[in-house]
Ligand SMILES: [Zn+2]
Ligand SMILES: [Zn+2]
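Numbering (the working numbering), first residue to last: 22 to 379.
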């Protein structure tokens, strides 16, 4: 215990300049999101029993990495089930597949993300489910099990916002742009229905901003953590966490919050699910599951385009020139709010260790 404490103190002294900045990165307990509680698990390994590992197992279970049949066996033991889940997760997120809770893995675990699972019915839609991991020789886009898609006679879809909340025009424009990103490359149109209870119920796609539990057994979790979820065709259910600090104009400089998330980036991703795409391991793709606060990613990558055109064909007007596979990620504010740097992250971990071992 003394060794850990000494190591923590030494590291804190090394990074003392960053230590002074810590309040800027975590101004309050929610700014790091609900998954910051995983940080003290750094370095945990097989055979250990550590408080918090059970919660991590539930996280992995939610996203499909631990089979739901193990629901009664969620303990704080670092067992083979957890080891295997971590390895698969690392594979999906292009990390060293060691099964260890190292810094890169924890950084990914706490990054805000979509609520849809990466592994559905034991079928991984990401790297771990592909036969080849050669990025140049295999498609990385994925579909939901059974490859659901909107039928051929449903190419002009309608969408509506839940009538219980007035949606500002600026927010509606975000969704109109997000739908248009997809409509540009496939033969589909998306038109908003005028708000009314009837139009909401009859629209093909029904958009709801909701907090916490909202009736589908997939509760939201406050600031950061899970940002939104949307379901495969022809469900049309599109739910967004109302507790997020959404940026609607794509300009993070107008927000002083470190937890600000770009609404358009998330909306484009969820529309991908509504159309039938699953998660991709390609980090530049829209269908990559996670997005850091302060990041804007609105350009469809080659992987997204390949996947959606597999389902619906190409828009005759699409000339294929608006996107490329990589390097199209837009970021705002110079990435100031982007993921914690290694040094900042290490500092946070050290603080967590200090708390644990004292
Ligand atoms: Zn998703
Ligand atoms: Zn929901």
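Backbone N, C-alpha and C define an ideal beta-carbon position, used for all residues, glycine too.
Which of the three DSSP states is assigned to residue i in this structure?
i, result
"residue 104", "helix"
"residue 137", "coil"
"residue 196", "helix"
"residue 26", "Note that residue 26 scores 45 on pLDDT, short of 50, meaning its location in the model is unreliable; the coordinates nonetheless yield the value given after this. Helix."
"residue 303", "coil"
"residue 164", "strand"
"residue 89", "helix"
"residue 144", "strand"
"residue 205", "coil"
"residue 316", "strand"
"residue 311", "strand"
"residue 338", "coil"
"residue 78", "helix"
"residue 113", "helix"
"residue 234", "coil"
"residue 189", "coil"
"residue 246", "coil"
"residue 241", "coil"
"residue 150", "helix"
"residue 58", "helix"
"residue 44", "A caution first: residue 44 carries a pLDDT of 33, below 50, which makes its placement in the model unreliable, though a value can still be read off. Correct three-state label for residue 44: helix."
"residue 276", "coil"
"residue 169", "coil"
What are the boundary residues of the beta strand (DSSP E) that includes residue i?
i, result
"residue 266", "266-268"
"residue 71", "Neither: residue 71 is in no beta strand (DSSP E) and is coded neither H nor E."
"residue 250", "249-251"
What are the boundary residues of the alpha helix (DSSP H) that residue i is part of?
i, result
"residue 98", "Taken as a continuous stretch (DSSP letters only), residue 98 belongs to no alpha helix (DSSP H), as it is neither H nor E."
"residue 332", "323-333"
"residue 18", "Coverage of the chain is limited to positions 22 through 379, which leaves residue 18 absent and any answer about it impossible."
"residue 290", "284-296"
"residue 127", "124-130"
Let me check you understand the geometry: is the CB of residue i closer than 8 Å to at least one non-hydrogen atom of ligand 2?
i, result
"residue 236", "yes"
"residue 258", "yes"
"residue 161", "no"
"residue 239", "yes"
"residue 290", "no"
"residue 231", "yes"
"residue 83", "no"
"residue 250", "yes"
When DSSP builds the beta bridges, which residues end up paired with residue i?
i, result
"residue 229", "260"
"residue 211", "178"
"residue 83", "Residue 83 is not bridged to any residue."
"residue 281", "266"
Report yes if the C-beta of residue i is less than 8 Å from at least one heavy atom of ligand 1; otherwise report no.
i, result
"residue 293", "yes"
"residue 300", "yes"
"residue 310", "yes"
"residue 141", "no"
"residue 135", "yes"
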